[in-house]
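Enquirer: Numbered per my numbering, the sequence shown spans residues 224 to 504.
Heads up, the beta-carbon is just placed ideally off N, CA and C, and yes, glycines get one too.
For clarity, every value in this text was computed on a predicted model and none was experimentally measured.
Got a structure here, written out as C-alpha cells. Questions coming.
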Amino acid sequence: MILIDGKKEAANLREDLKKEVSHLKTKYNKVPGLTVILIGDLAPSQIYVRNKERSAKEVGLKSEVIKYPDNVEEIEILNKIDELNKDHTVSGILVQLPLPKHINKKKVIEAIIPEKDVDGFHPVNVGNLSSGYESSIPCTPLGCYLLIKKVEPNLSGKKAVIIGRSNLNGKPMTQLLLKENCTVTITHSKTKDLKGECLKGDVVVAAVGIPELVKGDWIKKDSIVIDVGINKTEKGIVGDVAFEEVSKIAKAITPVPGGVGPMTIACLLKNTIECFKRSQS
Ligand code: NAD
Numbered sequence: 224m225i226l227i228d229g230k231k232e233a234a235n236l237r238e239d240l241k242k243e244v245s246h247l248k249t250k251y252n253k254v255p256g257l258t259v260i261l262i263g264d265l266a267p268s269q270i271y272v273r274n275k276e277r278s279a280k281e282v283g284l285k286s287e288v289i290k291y292p293d294n295v296e297e298i299e300i301l302n303k304i305d306e307l308n309k310d311h312t313v314s315g316i317l318v319q320l321p322l323p324k325h326i327n328k329k330k331v332i333e334a335i336i337p338e339k340d341v342d343g344f345h346p347v348n349v350g351n352l353s354s355g356y357e358s359s360i361p362c363t364p365l366g367c368y369l370l371i372k373k374v375e376p377n378l379s380g381k382k383a384v385i386i387g388r389s390n391l392n393g394k395p396m397t398q399l400l401l402k403e404n405c406t407v408t409i410t411h412s413k414t415k416d417l418k419g420e421c422l423k424g425d426v427v428v429a430a431v432g433i434p435e436l437v438k439g440d441w442i443k444k445d446s447i448v449i450d451v452g453i454n455k456t457e458k459g460i461v462g463d464v465a466f467e468e469v470s471k472i473a474k475a476i477t478p479v480p481g482g483v484g485p486m487t488i489a490c491l492l493k494n495t496i497e498c499f500k501r502s503q504s
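Structure follows, in C-alpha cells:
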C-alpha cells in the first residue's frame, strides 16, 4: 500500500515554485504578488490565512494580507477588490471564505477579475476549465489531481468516482479527471447505492464532510483513494474515509491530516505564479 505523503509532495512543489519565482525575478525584475482579504476573526480562517502568508513568503512571493472587521460594509470590500484588480504588483487576489452573512459571496467572487482569481471560482474560470481552456483551477482539486498523477501518471480509461458535487471540490475534480480521459461518475447526497458506485472506482475521491463515510468494503482492490474531508471528531481530525479499513484494501491512499490539505496551499502559490506568467505574456 502506498501512503500518499501530501506533506512531502507539497514541500517538493514549493521547492520547485521557489526556483521558478527566482527565475521569474531574474527575467522580469519583479516577483508574483498574492493579496489575501480576511474578514472577521474566525479561528480556522485566521490559521489558513497565516499558513498561506507563510508559504507565499517561503517561495519568494510578495504576500499581503488585508484584514477587515466582521461588520465591514460589502461596498468597502468591492472597492478594495477593484483597486487590487488595477494594481500591477498584485498577480492574485483571494478572499478567504466563509464570509459574514451580510456580504454576498457571488458578488465578491465575480468582482475579482478572472486573470487574478487564484481560487478559480470566477464563472469565467469555471467555464474555461470545463471547456478545456487555460484557467485557474480550484486549489484543493488541483492538489488531489497532482497526487493522483504521482501514483498513476496514465489515467486514460480509468473509472473515477467522485463523492460530493460542490463547486469547490467535486465539480472541478470531475473536469480534471475527464481531461485525463477517465470515465467519471459524480455522486452526491441523493445517489442511490453509493457503495456500489464506489466499488467500481479505480480512483475514488471523497469530498463530503462526513467522518469516515467510505468503508473498507466500498473500495475495490488496487484503487487510489483520495480523502479531501476534514472532520473534527472526538478522536481528533478524521477524513471522509475510514482510513484503517480502506488502507488494507486500496493501492494508495491519502492520510488525514497530511494528505490533501498541504497540497491545497502549495497549489494556491502555483496558481499565483501561473496568473503572473499569463499577465506577462
Ligand atoms: P460541501 O458541503 O460544499 O459539499 C459536500 C458534498 O457532499 C455535496 O455535494 C453533497 O451532495 C455531498 N454529500 C453530502 N452527504 C452525502 C452522502 N451521504 N453521500 C454522498 N454525498 C454526500 O463540502 P466541500 O466544501 O466540498 O467540502 C467537503 C469536505 O472537504 C469537508 O470535510 C471540508 O472540510 C473538506 N475540505 C478540505 C479541503 C482541504 O484542503 N483538504 C479543502 C476544502 C474542503
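Measure the alpha-carbon distance for residue 381 versus residue 402 and round it to whole angstroms.
Expert: Using only the alpha carbons, I get a separation of about 12 angstroms.
Enquirer: Counting only runs of 3+ residues fully inside the segment 430-482, write out the beta strand (DSSP E) ranges in chain order.
Expert: Runs of the beta strand (DSSP E) inside the segment 430-482: 447-450, 454-456 and 459-461.
Enquirer: Using 8 angstroms as the threshold, is the C-beta distance between residue 227 and residue 484 below it?
Expert: The answer is no: Cβ separation not under 8 angstroms.
Enquirer: Over the uninterrupted beta strand (DSSP E) stretch that includes residue 382, give me the two end residues.
Expert: Run containing residue 382: 382-386, per the beta strand (DSSP E) assignment.
Enquirer: Measure the alpha-carbon distance for residue 331 versus residue 348 and round it to whole angstroms.
Expert: In a straight line, the C-alpha of residue 331 is about 15 angstroms away from that of residue 348.
Enquirer: Closest to residue 271 by CA distance: which of 430, 427, 494 and 489 is it?
Expert: Nearest option by C-alpha distance: 489.
Enquirer: Of all the options 338, 291 and 469, which has the alpha carbon lying nearest to the alpha carbon of residue 181?
Expert: There is no way to answer for residue 181, as the model of the chain reaches only from 224 to 504.
Enquirer: Look at the alpha carbon of residue 324 and the alpha carbon of residue 301, and state the distance between them as a whole number of angstroms.
Expert: So the two alpha carbons sit approximately 15 angstroms from each other.
Enquirer: Among the residues of its own chain, which have a CB less than 6 angstroms from the CB of residue 318, if the five just before and after it don't count?
Expert: Taken in chain order, the residues that qualify are 260 and 331.
Enquirer: Could you spell out the range, first to last residue, of the alpha helix (DSSP H) harbouring residue 249?
Expert: Taken as a continuous stretch (DSSP letters only), the alpha helix (DSSP H) holding residue 249 covers 229-251.
Enquirer: Would you please state the rounded distance, in angstroms, between the beta carbons of residue 284 and residue 255? I believe it to be under 8 angstroms.
Expert: About 5 angstroms; that satisfies the 8 angstroms criterion.
Enquirer: Compute the distance between the beta-carbons of residue 400 and residue 407, then report whether it is under 8 angstroms.
Expert: Yes. Within cutoff.
Enquirer: At which residue ranges does the segment 288-367 contain complete alpha helix (DSSP H) runs of 4 or more residues, listed in the order of the chain?
Expert: Counting whole runs of 4 or more residues, the segment 288-367 contains the alpha helix (DSSP H) stretches 297-309, 328-334 and 346-354.
Enquirer: Quick check: does the Cβ of residue 454 come within less than 7 angstroms of any heavy atom belonging to the ligand NAD?
Expert: True, at least one ligand heavy atom lies under 7 angstroms from that Cβ.
Enquirer: Relative to the ligand NAD, is the shortest distance from any of its heavy atoms to the C-beta of residue 263 smaller than 7 angstroms?
Expert: No, the Cβ of residue 263 stays beyond 7 angstroms of every heavy atom of the ligand NAD.
Enquirer: For residue 393, which option in 415, 375, 362 and 374 has the closest C-alpha, if you only look at C-alpha atoms?
Expert: The shortest Cα separation from residue 393 among 415, 375, 362 and 374 belongs to 362.
Enquirer: Let me make sure I understand the geometry here. Which of 294, 297, 304 and 397 has the alpha-carbon closest to that of residue 288?
Expert: That would be 304, whose Cα lies nearest to the Cα of residue 288.
Enquirer: Heavy atom of the ligand NAD less than 7 angstroms from the Cβ of residue 383, yes or no?
Expert: No, the Cβ of residue 383 stays beyond 7 angstroms of every heavy atom of the ligand NAD.
Enquirer: Along the alpha helix (DSSP H) that carries residue 397, what are the first and last residues, could you check?
Expert: Residues 393-402.
Enquirer: Just reading off the alpha helix (DSSP H) that residue 422 is part of, what are its end residues?
Expert: Unbroken run through residue 422: none, as it is neither H nor E.
Enquirer: Any contact between the segment 434-449 and the segment 462-479? By contact I mean 3 or more CB pairs, one from each, below 8 angstroms.
Expert: Yes: at least three Cβ pairs fall under 8 angstroms.
Enquirer: Let me know the secondary structure DSSP gives residue 389 once reduced to three states.
Expert: Three-state DSSP puts residue 389 in coil, outside helix and strand.
Enquirer: First and last residue of the beta strand (DSSP E) that includes residue 282?
Expert: First-last for residue 282: undefined, no H or E at that position.
Enquirer: Taking only heavy atoms of the ligand NAD into account, decide whether any of them is closer than 7 angstroms to the Cβ of residue 378.
Expert: Checking the Cβ of residue 378 against the ligand NAD gives no.
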